[in-house]
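Enquirer:
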Amino acid sequence: DAMDMIDEIKAAPILNGVRGSKPVDKIALAKLITSVGALMVENKEISSLDLNPVMATPEGAVAVDSRIILGD
7 DAMDMIDEIK
17 AAPILNGVRG
27 SKPVDKIALA
37 KLITSVGALM
47 VENKEISSLD
57 LNPVMATPEG
67 AVAVDSRIIL
77 GD
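In this note's numbering, each residue carries its 1-based index in the sequence shown increased by 6.
(1) Just the Cα atoms here: how many angstroms apart are Ile75 and Glu48?
(2) Smallest Cα separation from Pro64: which of Ala8, Ala18, Asn22 and Asp7?
(3) With DSSP run on the structure shown, which of helix, strand or coil describes Ala17?
(4) According to DSSP, is Asp71 part of a helix, a strand, or is it coil?
(5) Look up Asp10 in the DSSP assignment and say whether it is helix, strand or coil.
Now the structure itself:
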């Protein structure tokens, strides 16, 4: 699931908080990942979706910019 994916990335220790910083809201990040997956499944006309950057903080997660390409 999305939480497992988050915990498996190389940057996972940073998301858990380093050098006195608070951990990010991994639940919000997982919800964002799940929502994007659902969007892709429900909208077959989307051929590509890019979220960059995604900002994750202790208060939540948000896609700052996105690009959606429709078609084949």
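Ideal Cβ positions, reconstructed from N, Cα and C, are used throughout, including at glycine.
Values in this document were obtained by computation on a predicted structure and should not be read as measured data.
Expert: Let's see:
(1) Within the sequence shown, the letter at position 69 stands for residue 75. Within the sequence shown, the letter at position 42 stands for residue 48. Taking the straight line from one Cα to the other gives about 15 angstroms.
(2) Residue mapping note: residue 64 aligns to position 58 of the sequence shown, counting from 1. Asn22 is the residue among Ala8, Ala18, Asn22 and Asp7 whose C-alpha sits nearest the C-alpha of Pro64.
(3) Within the sequence shown, residue 17 is the residue found at index 11, counting from 1. Note: Ala17 maps to coil in three-state DSSP.
(4) Taking the sequence shown and counting its residues from 1, one reaches residue 71 at position 65. Asp71 falls in the coil class under three-state DSSP.
(5) For the purposes of this step, residue 10 is taken as residue 4 along the sequence shown, with counting starting at 1. Residue state, collapsed to three classes: helix.
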